[in-house]
Each structure stands twice: as structure tokens, then as C-alpha cells.
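*Asks:* Chains A and B, in that order, give the protein sequences.
Just so we're aligned, residue 91 is where the first sequence starts under the working numbering, counting upward by one.
Just so we're aligned, residue 91 is where the second sequence starts under the working numbering, counting upward by one.
One structure, as C-alpha cells, below. Some questions next.
Protein chains: 2
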Amino acid sequence: MITIKDVAKLANVSEGTVDRVLHNRGGVSLKTEKLIKEILKKHNYTVNPIARALSIKNKFSLYTLMPNHDKTNLFWKSPLLGVLKASQEVRAYGVEVTNYTFDQFKPSSYLNEFKTLIKSKPHAVLIAPTFIKETKEIVNELEKLDIPYAFLNIDLEGFKNILFVGQNSYAAGYVAGKLMHLSCPDQSSILVIQTRININNYYAFSKRIEGFNDYFTKNDIKVNIINLNFDNLKDLKEVGKNLNSLLKKEKSIKGVFVPSSRISIIVNCIDEPLMNNLNLIGFDNTEPNIKCLQENKVSFLISQKPFDQGYESIHLMTDFLIKNKTPIKKIYSPIDILTKENVIYNERDKSMFESDSI
Amino acid sequence: MITIKDVAKLANVSEGTVDRVLHNRGGVSLKTEKLIKEILKKHNYTVNPIARALSIKNKFSLYTLMPNHDKTNLFWKSPLLGVLKASQEVRAYGVEVTNYTFDQFKPSSYLNEFKTLIKSKPHAVLIAPTFIKETKEIVNELEKLDIPYAFLNIDLEGFKNILFVGQNSYAAGYVAGKLMHLSCPDQSSILVIQTRININNYYAFSKRIEGFNDYFTKNDIKVNIINLNFDNLKDLKEVGKNLNSLLKKEKSIKGVFVPSSRISIIVNCIDEPLMNNLNLIGFDNTEPNIKCLQENKVSFLISQKPFDQGYESIHLMTDFLIKNKTPIKKIYSPIDILTKENVIYNERDKSMFESDSI
DNA sequence: TATATTTTCGTGTTCGCACACGTAGAATTT
DNA sequence: AAATTCTACGTGTGCGAACACGAAAATATA
Numbered sequence: 091m092i093t094i095k096d097v098a099k100l101a102n103v104s105e106g107t108v109d110r111v112l113h114n115r116g117g118v119s120l121k122t123e124k125l126i127k128e129i130l131k132k133h134n135y136t137v138n139p140i141a142r143a144l145s146i147k148n149k150f151s152l153y154t155l156m157p158n159h160d161k162t163n164l165f166w167k168s169p170l171l172g173v174l175k176a177s178q179e180v181r182a183y184g185v186e187v188t189n190y191t192f193d194q195f196k197p198s199s200y201l202n203e204f205k206t207l208i209k210s211k212p213h214a215v216l217i218a219p220t221f222i223k224e225t226k227e228i229v230n231e232l233e234k235l236d237i238p239y240a241f242l243n244i245d246l247e248g249f250k251n252i253l254f255v256g257q258n259s260y261a262a263g264y265v266a267g268k269l270m271h272l273s274c275p276d277q278s279s280i281l282v283i284q285t286r287i288n289i290n291n292y293y294a295f296s297k298r299i300e301g302f303n304d305y306f307t308k309n310d311i312k313v314n315i316i317n318l319n320f321d322n323l324k325d326l327k328e329v330g331k332n333l334n335s336l337l338k339k340e341k342s343i344k345g346v347f348v349p350s351s352r353i354s355i356i357v358n359c360i361d362e363p364l365m366n367n368l369n370l371i372g373f374d375n376t377e378p379n380i381k382c383l384q385e386n387k388v389s390f391l392i393s394q395k396p397f398d399q400g401y402e403s404i405h406l407m408t409d410f411l412i413k414n415k416t417p418i419k420k421i422y423s424p425i426d427i428l429t430k431e432n433v434i435y436n437e438r439d440k441s442m443f444e445s446d447s448i
Numbered sequence: 091m092i093t094i095k096d097v098a099k100l101a102n103v104s105e106g107t108v109d110r111v112l113h114n115r116g117g118v119s120l121k122t123e124k125l126i127k128e129i130l131k132k133h134n135y136t137v138n139p140i141a142r143a144l145s146i147k148n149k150f151s152l153y154t155l156m157p158n159h160d161k162t163n164l165f166w167k168s169p170l171l172g173v174l175k176a177s178q179e180v181r182a183y184g185v186e187v188t189n190y191t192f193d194q195f196k197p198s199s200y201l202n203e204f205k206t207l208i209k210s211k212p213h214a215v216l217i218a219p220t221f222i223k224e225t226k227e228i229v230n231e232l233e234k235l236d237i238p239y240a241f242l243n244i245d246l247e248g249f250k251n252i253l254f255v256g257q258n259s260y261a262a263g264y265v266a267g268k269l270m271h272l273s274c275p276d277q278s279s280i281l282v283i284q285t286r287i288n289i290n291n292y293y294a295f296s297k298r299i300e301g302f303n304d305y306f307t308k309n310d311i312k313v314n315i316i317n318l319n320f321d322n323l324k325d326l327k328e329v330g331k332n333l334n335s336l337l338k339k340e341k342s343i344k345g346v347f348v349p350s351s352r353i354s355i356i357v358n359c360i361d362e363p364l365m366n367n368l369n370l371i372g373f374d375n376t377e378p379n380i381k382c383l384q385e386n387k388v389s390f391l392i393s394q395k396p397f398d399q400g401y402e403s404i405h406l407m408t409d410f411l412i413k414n415k416t417p418i419k420k421i422y423s424p425i426d427i428l429t430k431e432n433v434i435y436n437e438r439d440k441s442m443f444e445s446d447s448i
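The following block contains the structure:
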């Protein structure tokens, strides 16, 4: 591994000159520049990222803004864990990550947290743009201040975010359609359950449903899709009543598709006897969802490596900050198909935490 | 982030003393040691891994030994790419990775390459233990020289390897069984094709078949499983003749399971008209296999993130070398279910190569 | 008490890179 | 010809940790 010093010696100049060429900071005559560049190429010099990181004194601040999580709302735990893990790793590179969370059902909370956050004048921001209208306002402010921003998990279009990390919702829904088709006999009815509790990032859910439906139409498969909306998932008794009576009435329903991470809640509303001939497909590997898989209550979960989403975002943003390297604009997460049999091999948040690998 | 210098100032000692305490190298009086330890804990000091890496002069050599790849044999390309990518990253940490490959059909090649490799007295070795007998010999030598070793992709039991990174073959086969069950109507016959060309790491393949069969027996599903062996996959015409005549004769065959990465070769042997009502399931996301998926010739591929296997092994071994950190003994790769619809989102070898992220 | 031996600790250098600062000599202006 | 920029480069310092060397302090031995 050749160093700047070595190059300098070879070119008969000082290290400073080589450095100037490397960062084309000017002040080098054309011929020495050419000579140095040749030597660099010949020995294919690469910076020692370690030394570089050590010597950079600039400290960067990176702020994240995503929904919080609690018992009933576990999805956002994973991205946060990924972010935290990556934060440890990039700290030594002079990047300080600070996390803000908001109530995902309150646009005002989203906006308020942002307003607090922005006071610290961050060098970059990573947000889960849960509400469209408020995101516009936020982005406006960011662009005014010339602060680069990236989107996590939710892929809003029409913004100048430098990066999106998350799943292609349409494709994920399409895969769900295929799995549903595989699980259900022909001519079945399929129930698609939306929960208005998520009117917020409605966009992703409707894309999933669009993909789901398209699978059947594009492949010319005849099914009867029944849409069901619940305004309030908190009132589980009410939900259960409606759901069970519908299932009793429509015996042709063989599949239930829940395009959100809340399938475990739905499962708990359905009477045991009705579950027997039902194939349920949902999203996301939250703990209760995984439990449903393992107890044979859910056939498939579509997952998206949320931990990795958080983890990778931070690393890519760090690269952007310390190397001025613009990332690929969209990083699509895998569309993982989880079953009872493979779910335990899918993710390992914990082991990643034990090993503070490089 | 508190530094050694800071701690030294707080304790009224020099940096050297703090360093001695940190590495308990002795030569520090009990009371100063106690004082320093208290300060370390109070400000919860953590080493700056960057600075540490820079100052460590020890160079470690890490050797890998895995099968080579060519057009007909693509599987081992991915782990190698992962290894190469990780090698770049750990180089700055003073770990030099050198790769040796062998002909996966020649035990002698395996052994010979090892014998060349071992002459360099590596600090650690990562091998894909393709042949059991020869592996015993190799391990013997390694243990005599006190060189730690890890297994990549193939999980041989009864050895003192510090690490295994790869898939649980039994579980992967079990998942394949489930998918086959989903795809085929009840009472079908299912063809399981083994290729003796792989008698070598036969172990993994037989585990996959065991898992596959167990899925049906444990779930009380009646199928008729037909086993077929081909001694020589090179003579494709011969293979095609046998295969096609069997398929023509046994109309009940609705599924074909190939527990190796060679399903694309099998696909190319089957006559188009016979493909129609056939569900094929194979292993590994090699380029030809992916093509088969996309052309609707194969229903599912079970994959195992081979790139990541290589990538992670190197990082874990590096941790082991430079931090004396013994990794978790077995790192199981995900059992990815690939379909036409989700395959493009599954892996991104290339993008990982573009971004030389930290 | 004087000398020898440990124990305990400070100093200085090194790793590779980034960057502020300084300066010799060339080029230009007056 | 003197005074002034400019150009092109060298020097020095710092980042945080590791470690070798050796000095001072503490203890042991005579």
C-alpha cells in the first residue's frame, strides 16, 4: 500500500505537493502535477481511509427524524437500531448522529420535532417523510438553508432528496399477490384490510395494494377482491365483530391481505374456528408478526430488512459528508419472503450489536 | 468522545500510564491504576478504533481457500467478490488478505493449494472445506502450527474452527419442500435430481434433501418422491435423453427439485413442451439461474447471500485478529426465497463495489 | 548510609493524512 | 533596477493510540 510520502519521494517533491494534486487544490505546476498523477496511477495509490478519518478535524452533525415505537407499534424499532449501530461506527469518523422521533399519528409532532432539530444547524438530515404536506414545509426550510436530506423507508416523489433507502412498495405488493395466489384455490375471494390509522404514509400502502391487485390482473387470474377499511384499530372488539361476521357470511374468502405491519392485530381479532381455511399475508418482521408466523396463523410476511435500512442510510450519508460522495439515489431493500420455516434466519439485529465490527 | 490524553490529564499522569492500564501491561501502582480505571469508567472511555488501527504496526495475513469459478460453475464467484470487497476495507487495518482457489472436483488441487498457502505462515485461514478427508489433513497441519481457521459456506462438524458462515442446509431444504408443496397439486410425484459431480461437498446437498423430504413426512403430506442421479453433467445430451423420457413416462411428475446450484443446466435439458406443467425449485442466485427464474422456467430459487458470506467472514476474521475477539461460532445466512418478482431486489454485488463505504 | 534493584511512570516517536502557514524564486509592475 | 505580486512548493503540526526507551522514585540489599 503506497503512501503519500512514498509518492512524494518518487516524484521528488514534498508530501504537501502530492496532497495538493490529490485534492486538486491548485498551486502545482502542470508538469509536476502530471508526473505525480502518473506515479499515483502506476502504483495505484488509494488514500488510507483510516489516516484520513483521523486527520479530518471537521465534525459533521447528522440528524435523523423518524416515528417512535411502542408496544403496539414496533415497526420503527428496527430502523432505529440500525441507525444506532451505524452511529457507533461513524462516530470515529467525526460524524455525530442525533436521533429525533415523533408521534407517527400527529403531523404536528413531526413538524415540531423538526423545528427543534433544525435549530442545531445540522450538516445533513435523514427523515422518514411520513406526512406529505408537512414534508413539503420541512424540505422548503432545508433547501433554504442548503442542508442536504435523505428519505428513509418512505419514497416520496418530487423532492430533491439525495437518497432514498427502502422498499419498492409496488413490487412488494406484487410479490404478496403471487404468494396469495399460490396459497389460495382458484376463484377464491380475498380480503384486503386497510387501517385508516395509517392515512399518513398512505402512499406506501396504496402502492402495495396496487401491486397486489396488478398481480392478479396482469396474470389473468380471476379472484374476487374485497376491500375493508377500519378507521380505528384501537377498538378491537368492534373490528373483531365486523371481521368475523363478514368471514362467516362470505365463505368464499380464503385469503386476507394486510398491507401494513399490523397483521398481528388483525389475527387476534379473528375467531379461532374461522382461521382454519384462511391464508393471511402481511408485512414486516415485527415480533408479534413473527409470532403469528410461527404459530401458523400467518402464511407469509413480506419484509424489508428495516434494520439494514437504518444502518445503510447512516453509512451512505456519512460517505456523502466526509467524502463528498453522492450516493446512488435509490437503494431498494430486498423483498424478503418470510415463512415459519425461514424466519429465524432472516435478521440478526442482536448479533450485529454484539459485534462492533469495523 | 474522551481520549487517552484527556484521561491522562484528569488523572495527572502521562498518556503512557493510561495506556498501560488499558492494556493491563503492568508497571502501574495499584492506586493510580484504580484512579485511572475510575476515570475511564466515569467518562466511559472507548478506544478510537481509527487511531488504534493507524498506530498498530502489526500486519496480519489472512488467507482464503475456496473453489474457483468458471462459466459452468458460477456459484463461487459471489463469495469471492464479497471477500475482495471486504479485503479492500480491512487493508487499512493492517490485514492483508490473499486468496487461493482450487478445482472443486479435485481433492488433490485442494490439498496442493493449501500446501502452497501454508508456506507463508498465515495468521489465520478461511476455507471452504469441500472435501472431508483432505480437510482433516489440513486442519491437522493448522492445529499443529496453532493457526486459527474458519469455515466458509460448508459446515463440517467435529472441527475446532472458530467460525462458520453459511446456510443451514437442512432448513433450506425444508423451506424448499414447503415451496414445492405449495406449487404442486396433491398426490403429485416429485423428482429430486442429484448430480454426482458434487460428490465432494455431498454433505450439504444430502442435508438439503433430508430437509426437503422431512417437510413432507413431518407435515403428513403424501407425495411420491423419485430420486434421480446423474454421474456426469457434462454429457448434456445423455442427461436430456434420460430426463425427457422419464418425464414423458411419468406424467404424475409435477415438481423437480435440484438441491445444487445447477438447476439452469437441468432446465436446458428439458424439452420445452414438457416444461409446461412442471414446477422447478433450485438453489443459488447465479446468473443463469436468475435467468431461468425470469423466463418462468424455474418457480423458486433458494438463495443464501453468498456475497455476504464472503464479506462477513473477512470482517469477522479481521475482528478476531486485531481485537482478539472470538466471533459467534456459527453465523447462519438467510434462507432467501427468490421468485421472478423479487429477484432483482435481492442482491447488489455491484453497487457494493461502487461504494467503498467505510 | 550507600548501592543495587525494582517498580512506576514520563517522553518521544511512529502510523498516514490534511491543512495552515511560510518562503524562495520567477514574473510582473513601477 | 527596485519593488511588487504570483507561483509553486516545503514545513510543521495535529489527529489518537501504541510502544520503546529510559529516568525518577520506591524499595531492597549490603
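Beta carbons are placed, not taken as given, at the ideal position from N, Cα and C, and that holds for glycine.
1. According to DSSP, simplified to helix, strand and coil, what is isoleucine 448 of chain B?
2. Which stretch, first to last residue, makes up the alpha helix (DSSP H) that contains alanine 141 of chain A?
3. Which value, in whole angstroms, describes the spacing of the CA atoms of tyrosine 422 of chain A and asparagine 369 of chain A?
4. Listed in chain order, which residues of the stretch 399-427 of chain B have Cβ atoms closer than 8 Å to some Cβ of chain A?
5. What residues from chain A crowd round serine 524 of chain B, counting only those whose CB sits closer than 8 Å?
6. Say yes only if the C-beta of leucine 364 of chain A is nearer than 6 Å to one or more non-hydrogen atoms of the ligand GDP, and no if none qualify.
7. Take valine 118 of chain B and list the residues in its own chain whose beta-carbon comes closer than 7 Å to its own, dropping the five residues that flank it on each side.
8. Relative to the C-alpha of serine 342 of chain A, which residue among A/Cys274, A/Val388 and A/Pro169 is closest?
9. Below 7 Å between beta carbons: does that hold for asparagine 432 of chain A and isoleucine 222 of chain B?
10. For the stretch 168-200 of chain A, which segments carrying the beta strand (DSSP E) assignment without a break, of at least 3 residues, lie completely within its bounds, in sequence order?
11. Taking its Cβ as the centre, do 16 or more other Cβ atoms sit within 10 Å of serine 145 of chain B, making it buried, or is it exposed?
12. Report the rounded CA-to-CA distance for serine 351 of chain B versus asparagine 386 of chain A, giving the unit in angstroms.
13. Lysine 95 of chain A: buried (16+ other C-beta within 10 angstroms of its C-beta) or exposed?
14. Which same chain residues, not among the five before or five after serine 177 of chain A, have their C-beta less than 7 Å away from its C-beta?
15. Across which residues does DSSP place isoleucine 311 of chain B in a beta bridge pair?
16. Within a Cβ cutoff of 6 Å, which residues of the same chain sit near lysine 39 of chain A, ignoring the five residues on either side of it in sequence?
17. Sort out for me which residues DSSP pairs glycine 75 of chain A with in a bridge.
18. Should alanine 98 of chain A be flagged as near chain B, meaning a C-beta pair shorter than 7 Å?
19. For threonine 162 of chain A, which option in A/Tyr264, A/Ile356 and A/Met365 has the closest C-alpha, if you only look at C-alpha atoms?
20. Do the CB positions of threonine 206 of chain A and methionine 156 of chain A come within less than 7 Å of each other?
21. Just checking: is the beta-carbon of asparagine 436 of chain B within a distance shorter than 7 Å of some beta-carbon in chain A?
22. Of all the CB atoms in chain B, is at least one closer than 7 Å to the CB of alanine 214 of chain A?
23. Within the 7 Å Cβ cut-off, does alanine 143 of chain A reach chain B?
24. Taking buried to mean at least 16 other C-beta atoms within 10 Å of its own C-beta, is glutamate 402 of chain B buried or exposed?
25. Would you mind listing the alpha helix (DSSP H) stretches within the stretch 396-425 of chain A that are 4+ residues and don't spill past its ends, in chain order?
26. Find the nearest neighbour of isoleucine 434 of chain B within the set B/Thr307, B/Glu377, B/Leu406 and B/Lys419, judged by alpha-carbon distance.
27. With which residues is proline 157 of chain B paired in a DSSP beta bridge?
28. Could you give the distance in angstroms between the alpha-carbon of lysine 312 of chain A and the alpha-carbon of lysine 196 of chain A?
29. Which partner residues does serine 279 of chain A have in the DSSP bridge list?
30. Let's test the definition: count the other Cβ atoms within 10 Å of the Cβ of methionine 91 of chain B and tell me whether it reaches 16, buried, or not, exposed.
*Replies:* Concretely, from the data shown:
1. Working through the second sequence from its first residue, we reach residue 448 of chain B at position 358. Since pLDDT at isoleucine 448 of chain B reaches only 33, below the 50 mark, its modelled position is unreliable, and no value is offered.
2. Taking the first sequence and counting its residues from 1, one reaches residue 141 of chain A at position 51. Counting along the chain, the alpha helix (DSSP H) containing alanine 141 of chain A begins and ends at 139-145.
3. Along the first sequence, read from residue 1 onward, the residue named residue 422 of chain A stands at position 332. Along the first sequence, read from residue 1 onward, the residue named residue 369 of chain A stands at position 279. For tyrosine 422 of chain A and asparagine 369 of chain A, the distance between alpha carbons rounds to 27 Å.
4. His405, Leu406, Thr408, Asp409, Lys415, Pro417, Ile418, Ile421, Tyr422, Ser423, Pro424, Ile425, Asp426 and Ile427
5. Since the first residue shown for chain B is 91 and the last is 448, residue 524 of chain B is missing from the structure and cannot be characterised.
6. With respect to small molecules bound, the structure shown includes none, and the ligand GDP cannot be examined in it.
7. By 1-based counting over the second sequence, the position of residue 118 of chain B is 28. Around valine 118 of chain B: Thr107, Arg110 and Val111.
8. Against the first sequence, residue 342 of chain A aligns to sequence position 252. It is A/Cys274 whose Cα lies nearest to the Cα of serine 342 of chain A.
9. The residue given as residue 432 of chain A occupies position 342 in the first sequence. The residue given as residue 222 of chain B occupies position 132 in the second sequence. No; because the gap between Cβ atoms is not below 7 Å, this pair is not in contact.
10. 185-192
11. Along the second sequence, one-based indexing puts residue 145 of chain B at 55. With fewer than 16 Cβ atoms within 10 Å of its Cβ, serine 145 of chain B is classed as exposed.
12. Numbered from its first residue, the second sequence carries residue 351 of chain B at position 261. Numbered from its first residue, the first sequence carries residue 386 of chain A at position 296. The alpha-carbon atoms of serine 351 of chain B and asparagine 386 of chain A are separated by roughly 30 Å.
13. On the first sequence, position 5 is the one that residue 95 of chain A refers to. Counting Cβ neighbours within 10 Å, lysine 95 of chain A comes out exposed, since fewer than 16 surround it.
14. Stepping through the first sequence from its first residue, residue 177 of chain A is reached at position 87. Excluding residues within five positions, the ones whose Cβ falls inside 7 Å are Val187 and Ile404.
15. By one-based count along the second sequence, residue 311 of chain B stands at place 221. None, per the DSSP bridge assignment.
16. Only positions 91 to 448 of chain A appear in the structure, and residue 39 of chain A is not among them; the question remains open.
17. In the structure as shown, chain A starts at 91 and stops at 448, and residue 75 of chain A therefore has no counterpart that could be examined.
18. Position 8 of the first sequence, counted from the first residue, corresponds to residue 98 of chain A. Not an interface residue.
19. Residue 162 of chain A sits at position 72 when you count from the first residue of the first sequence. Of A/Tyr264, A/Ile356 and A/Met365, the residue nearest in Cα terms is A/Ile356.
20. As a working mapping, residue 206 of chain A is identified with position 116 in the first sequence. As a working mapping, residue 156 of chain A is identified with position 66 in the first sequence. Going by C-beta atoms, threonine 206 of chain A is not nearer than 7 Å to methionine 156 of chain A.
21. Taking the first residue of the second sequence as 1, we reach residue 436 of chain B at position 346. Closer than 7 Å to some Cβ of chain A, the Cβ of asparagine 436 of chain B qualifies, so yes.
22. For the purposes of this step, residue 214 of chain A is taken as the residue at position 124 of the first sequence. It does not; no Cβ of chain B falls within 7 Å.
23. In the first sequence, the residue the question calls residue 143 of chain A occupies position 53. Closer than 7 Å to some Cβ of chain B, the Cβ of alanine 143 of chain A qualifies, so yes.
24. Along the second sequence, one-based indexing puts residue 402 of chain B at 312. Its Cβ being crowded by 16 or more others within 10 Å, glutamate 402 of chain B is buried.
25. 396-413
26. Taking the second sequence and counting its residues from 1, one reaches residue 434 of chain B at position 344. Among B/Thr307, B/Glu377, B/Leu406 and B/Lys419, the Cα nearest to that of isoleucine 434 of chain B belongs to B/Glu377.
27. On the second sequence, position 67 is the one that residue 157 of chain B refers to. The partner list for proline 157 of chain B (beta bridge, DSSP) reads B/Phe192.
28. By 1-based counting over the first sequence, the position of residue 312 of chain A is 222. By 1-based counting over the first sequence, the position of residue 196 of chain A is 106. The alpha-carbon atoms of lysine 312 of chain A and lysine 196 of chain A are separated by roughly 40 Å.
29. The residue you call residue 279 of chain A lines up with position 189 of the first sequence. Bridge partners of serine 279 of chain A: A/Asn314 and A/Ile343.
30. Residue numbering aside, residue 91 of chain B sits at position 1 when the second sequence is read from its first letter. The residue in question, methionine 91 of chain B, is exposed, as its Cβ has fewer than 16 Cβ neighbours within 10 Å.
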